[in-house]
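Novice: Next up is a structure, given as structure tokens.
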Amino acid sequence: MKKKVTLELSATDYNLLKQIADACKWPIEEVVVQCIKSGMPPSLSKVPAAFHEELLRLNALSDKALMGVVDGKLPPDGKSQLHKKADFVSLRRTYALSLLRWRGHPIEHYELF
72 MKKKVTLELS
82 ATDYNLLKQI
92 ADACKWPIEE
102 VVVQCIKSGM
112 PPSLSKVPAA
122 FHEELLRLNA
132 LSDKALMGVV
142 DGKLPPDGKS
152 QLHKKADFVS
162 LRRTYALSLL
172 RWRGHPIEHY
182 ELF
């Protein structure tokens with residue numbers, strides 16, 4: 072089911088989208104949707120539903136706190152067998168790193184494993 076959204080864009084942004092749409096021979100709406108999809112935060116579609124709530128809470132953290140998660144300084148609360156089996160610590164660190172990248176931070180210097 073589709074939902075309609077109305078946006079106000081600056082003339083500069085609109086002209087850039089229009090230019091891309093014309094070059095691609097796409098409707099401008101498709102260009103806008105593609106831009107939104109490519110700029111979305113990381114998806115949890117491949118993550119077990121049992122972890123969604125805990126991972127989504129990371130979105131509320133500051134960039135500094137997310138860096139703490141990535142660096143292992145803010146460990147998760149979950150210590151269940153499922154958390155251990157799924158290596159939730161690594162999953163959580165990876166999701167935090169993805170959020171930082173989405174927020175525009177360079178992440179090349181991070182090594183998780």
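My numbering numbers the first residue of the sequence shown as 72 and each following residue consecutively.
For glycine and all other residues, C-beta sits at the position ideal for the given N, C-alpha and C.
Bear in mind the structure is a predicted one, so any value in this text is a computation, not a measurement.
Between which two residues does the alpha helix (DSSP H) carrying M138 extend?
Specialist: In the sequence shown, residue 138 corresponds to position 67, counting from 1. Looking at the DSSP string, the run of the alpha helix (DSSP H) that includes M138 is 134–141.
Novice: For K144, which three-state DSSP category applies?
Specialist: Taking the first residue of the sequence shown as 1, we reach residue 144 at position 73. Correct three-state label for K144: coil.
Novice: Comparing the C-beta of N86 with each C-beta of chain B, is any distance below 8 Å?
Specialist: The structure shown contains no chain B; it is built from a single protein chain.
Novice: Would you please state the rounded distance, in angstroms, between the beta carbons of E125 and P147? I believe it to be under 8 Å.
Specialist: For the purposes of this step, residue 125 is identified with residue 54 of the sequence shown, where counting begins at 1. For the purposes of this step, residue 147 is identified with residue 76 of the sequence shown, where counting begins at 1. 7 Å between Cβ atoms; contact.
Novice: With distance defined between alpha-carbon atoms, name the residue in C95, I99, V76, K75 nearest to Y85.
Specialist: Position 14 of the sequence shown, counted from the start, is the residue given in the question as residue 85. Of the listed residues, the one whose Cα sits closest to Y85 is I99.
Novice: Note down, one range per segment and in chain order, each alpha helix (DSSP H) of at least 4 residues found wholly within the segment 105–130.
Specialist: Runs of the alpha helix (DSSP H) inside the segment 105–130: 123–127.
Novice: Would you mind reading off the limits of the alpha helix (DSSP H) that contains A157?
Specialist: As a working note, residue 157 is residue 86 in the sequence shown. Segment: none, A157 is in no alpha helix (DSSP H) and carries neither H nor E.
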